[in-house]
Amino acid sequence: MEASRDISRLIEIMAALRNPETGCPWDIVQTFETIKPYTIEEAYEVSDAIERKDMDDLCEELGDLLLQVVFHARMAEEAGEFSFGDVVEAITRKMIRRHPHVFAVSAADTPDAVKLQWEQIKAEEKRERAERRARRGISEDFKTGFLGSVQRTFPALTEALKLQERAGKVGFDWSAPEPILDKIEEEIDELRVALASGDKAKVSDELGDLIFAVVNIGRHVKADPEQALRGTNTKFRRRFNHIETTLAAEGETLDGASLERMEDIWQAAKAIERQLAE
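Structure, rendered in structure tokens:
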């Protein structure tokens, strides 16, 4: 098997990896759910490469993201649902349909006219989608109802924030941040109970409830949770890097240092930050 610029080679490679008898043991046991986190991660890495203006990385990360599409399509084909070719056909049909001013005949010759035409076509597609879902017996649709305008494609923190903002418009909201602190403590207690039970599904459920409550207090104090967490991530990187460089300067390694030793250096890093902030 050799590398190729032809997409068919990538499809062949994925089929070989998923072969029940001769494929890769790891790839064979994957499912849509287990692969989903990697798909999201690869999309973020594409975004990161763009932000860094690193074209070499962007080329590689786009390949990694394409692999995710091929992986999901292969699993769907094995289940008798659809194939990679169906994915390609669906998106090409959609793009042709949404651009009649380019690929057919249309009077839309201004940006505003194109936008209106796009929305009309999307509305038609939405009706067709509802009909397909009904034929498949799928009744739950998160795109309907009062919260339907909040996209599920947002990062989870952003989705939680926008759901809370949307619900708040009709009065389903806390009146002040203080009661939310009580709710957070309640969720922590429930998480403790779940941890004690050893039920992983329950732990995950309660952890989600806790994070949702924390997002809520961030909204009430006008602190965007996504940006707040990014700030903490940066702070963690900086302090952990201080641990690493301090150990290296003293001839030690991360693997060889005790937790107590790393904690002491961590606290020293915090002290330095406080001094610089004064």
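Using full-length UniProt numbering, the first residue of the sequence shown is number 1, and each one after it goes up by one.
All C-beta atoms in this analysis are idealised placements derived from N, C-alpha and C, irrespective of residue type, glycine included.
Identity of the residue in the options nearest residue i by Cα
| i | options | result |
| --- | --- | --- |
| residue 188 | 52, 203, 15 | 203 |
| residue 77 | 235, 12, 130 | 12 |
| residue 67 | 270, 43, 102, 169 | 43 |
| residue 178 | 221, 158, 190, 240 | 221 |
| residue 257 | 243, 269, 270, 267 | 243 |
| residue 163 | 120, 150, 75 | 150 |
| residue 146 | 168, 126, 155 | 168 |
| residue 239 | 265, 129, 112 | 265 |
| residue 70 | 86, 57, 59, 58 | 86 |
| residue 84 | 10, 106, 245, 251 | 10 |
| residue 210 | 272, 192, 41, 120 | 192 |
| residue 73 | 30, 172, 61 | 30 |
Close beta carbons around residue i, own chain, < 8 Å, minus the five adjacent residues each side
| i | result |
| --- | --- |
| residue 195 | 203 |
| residue 217 | 177, 180, 181, 184 |
| residue 154 | 162 |
Straight-line gap, residue i to residue j (C-alpha atoms, nearest Å)
| i | j | result |
| --- | --- | --- |
| residue 201 | residue 55 | 41 Å |
| residue 109 | residue 101 | 7 Å |
| residue 232 | residue 18 | 40 Å |
| residue 262 | residue 133 | 54 Å |
| residue 303 | residue 59 | Lying before the first or after the last residue shown, residue 303 is absent from the chain, which here runs from 1 to 278. |
| residue 215 | residue 225 | 6 Å |
Own chain residues within Cβ distance below 7 Å of residue i, not counting five before or after
| i | result |
| --- | --- |
| residue 114 | 101, 108 |
| residue 207 | 191 |
Contact test: residue i Cβ vs the ligand MG heavy atom, cutoff 7 Å
| i | result |
| --- | --- |
| residue 275 | Annotation note on the ligand MG: not contained in the displayed structure, which lists no ligands. |
Quick one: any contact between the segment 49-59 and the segment 6-26, if contact means 3 or more CB pairs under 8 Å? Taking a contact to require three or more Cβ pairs closer than 8 Å, the segment 49-59 and the segment 6-26 do not qualify as touching.
Pairing CB atoms from the segment 90-100 with CB atoms from the segment 31-45, are three or more of them under 8 Å? Look at the beta carbons and you see the segment 90-100 not touching the segment 31-45: under three pairs across the two are nearer than 8 Å.
Mind pulling the alpha helix (DSSP H) runs of 4 or more residues that sit fully within the UniProt domain "NTP pyrophosphohydrolase MazG-like" (178-242)? Counting only runs of 4 or more, we get 178-197, 200-220.
Completely contained alpha helix (DSSP H) runs for the UniProt domain "NTP pyrophosphohydrolase MazG-like" (30-103), where each covers 4 or more residues: The UniProt domain "NTP pyrophosphohydrolase MazG-like" (30-103) contains these whole alpha helix (DSSP H) runs: 32-51, 55-78, 84-98, 100-103.
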